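In the working numbering, each number is its position in the sequence shown, counted from 1, plus 9.
We put the CB at the ideal spot given by N, CA and C, even for glycine.
Since we're looking at a predicted model, the values are computed, not measured.
Report on the following structure.
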Amino acid sequence: MNAIEILRDALFVILINWRQAIRIFLVPLGLIVGVFASVMIFGTLSVKIDGQTVQVPSPFLFVLFPLFLFLIFWPVVAWHRLLVLGEQPTGFAPTIKFKPVLRYVLNLFGLGMLISLLMLPVMAFIGPMMISELDPEAISRGEMPPLKFFIWPTLASLPALYLGIRLCLILPGAAVENHVGLSGSWDYTSSKGTSLLLIVLLAATFSIVLQIILSAITPSLFEAPQGVLTVFQLTQFIGQMIGSLFVISVMSTMFLVFVQDKLPN
């Protein structure tokens, strides 16, 4: 299966499973909103120091932060399991599975740290080049940085994206409790070099085009009271959700094809 077919099938499984997607993501998103509201209310404490009242983080945050992480990755793991294992959500929420979610979070953070460390030499080389393109006087006048300022980080991100897609099979593996490891993920994708680069470029293009389309068709001139989402912000959020769902679906499809030698359901 080539890159186009993987991306096509990843998009297709979203379209045919949109009802399951709503059941998997709706309740966790509602709970995330509740966590945000709790942070606004209970996130800080008023403490008097030297006669002055200051706001300090509440100990309650130590409970909310892991809860927030769980609510984010709980539906992600459920979506992986739906696409790879065919595991359907029960009722109006995904089945709670703490161990796969914990392993998924640990693998994701570990993968992020590994790629960040490997990219340090690249950023050490490109960072000064980016800074040299800046004109402090132009910035003070409110002018946009030159195009080269945005080209350098884009070029620097390509090796990170390539490493990420070579190693990303550990994430759906963690979700379905089929641990492949970094070396296993690298081996499974070793003969797919051109296809993987094409997947990265086309998936990134899809996400960018989706954001542009939503921005173009959404009325962004409506003013809303402070703290209330505008129509524009809401559609941008929906676009980011769809883009993220597409990326997760691509990883699940890659896992099915490369690791299990199967075709998507």
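Fill in: Nearest-angstrom Cβ-Cβ length linking residue 68 and residue 34, presumed shorter than 8 Å
At roughly 30 Å, the Cβ-Cβ gap does not stay under 8 Å, so residue 68 and residue 34 are not in contact.
Worksheet item: Would you report the Cα separation of residue 268 and residue 27, rounded to the nearest angstrom?
Response: 25 Å
Practice prompt. Indicate whether residue 250 and residue 177 have their beta-carbon atoms separated by less than 9 Å.
Written response: no
Worksheet item: Which same chain residues, not among the five before or five after residue 263, have their C-beta less than 7 Å away from its C-beta?
Response: 15, 178
Item to complete: Check whether the Cβ atoms of residue 30 and residue 109 lie closer than 9 Å to each other.
Response: no
Discussion item. Taking its Cβ as the centre, do 16 or more other Cβ atoms sit within 10 Å of residue 11, making it buried, or is it exposed?
Written reply: exposed
Worksheet item: What are the boundary residues of the alpha helix (DSSP H) that residue 8 is part of?
Response: The question about residue 8 has no answer, for the chain in this structure spans 10 to 274.
Discussion item. Between which residues of its own chain and residue 71 is the CB-CB distance below 6 Å, once the five residues before and five after are set aside?
Written reply: none
Item to complete: Report the rounded CA-to-CA distance for residue 45 versus residue 111, giving the unit in angstroms.
Response: 21 Å
Practice prompt. Starting from the Cα of residue 180, find the closest Cα among 91, 253, 168, 194 and give me that residue.
Written response: 194
Worksheet item: Can you give the Cα-Cα distance for residue 86 and residue 18, rounded to whole angstroms?
Response: 19 Å
Item to complete: Specify the secondary structure class of residue 271 as computed by DSSP and reduced to three states.
Response: coil
Discussion item. Checking the sheet assignment: what are the DSSP bridge partners for residue 102?
Written reply: 99
Worksheet item: With C-beta atoms as the reference, is residue 131 less than 9 Å away from residue 265?
Response: no
Worksheet entry | Start-to-end residues for the alpha helix (DSSP H) that takes in residue 77 | 70-94
Item to complete: Could you have a look at residue 57 and say whether DSSP puts it in helix, strand or coil?
Response: strand
Worksheet item: Do residue 254 and residue 209 have their CB atoms nearer than 9 Å?
Response: no
Worksheet item: Looking at C-alpha atoms only, which residue of 173, 101, 214 is the closest neighbour of residue 192?
Response: 173
Discussion item. Nearest by alpha-carbon distance to residue 214: which of 256, 175, 196 is it?
Written reply: 256
Discussion item. Within the continuous alpha helix (DSSP H) that includes residue 67, where are the two ends?
Written reply: Premise fails: residue 67 is in no alpha helix (DSSP H) and is neither H nor E.
Worksheet item: Among 175, 185, 161, 211, which residue has its Cα nearest to the Cα of residue 200?
Response: 175
Fill in: Alpha-carbon to alpha-carbon, residue 211 and residue 105
33 Å
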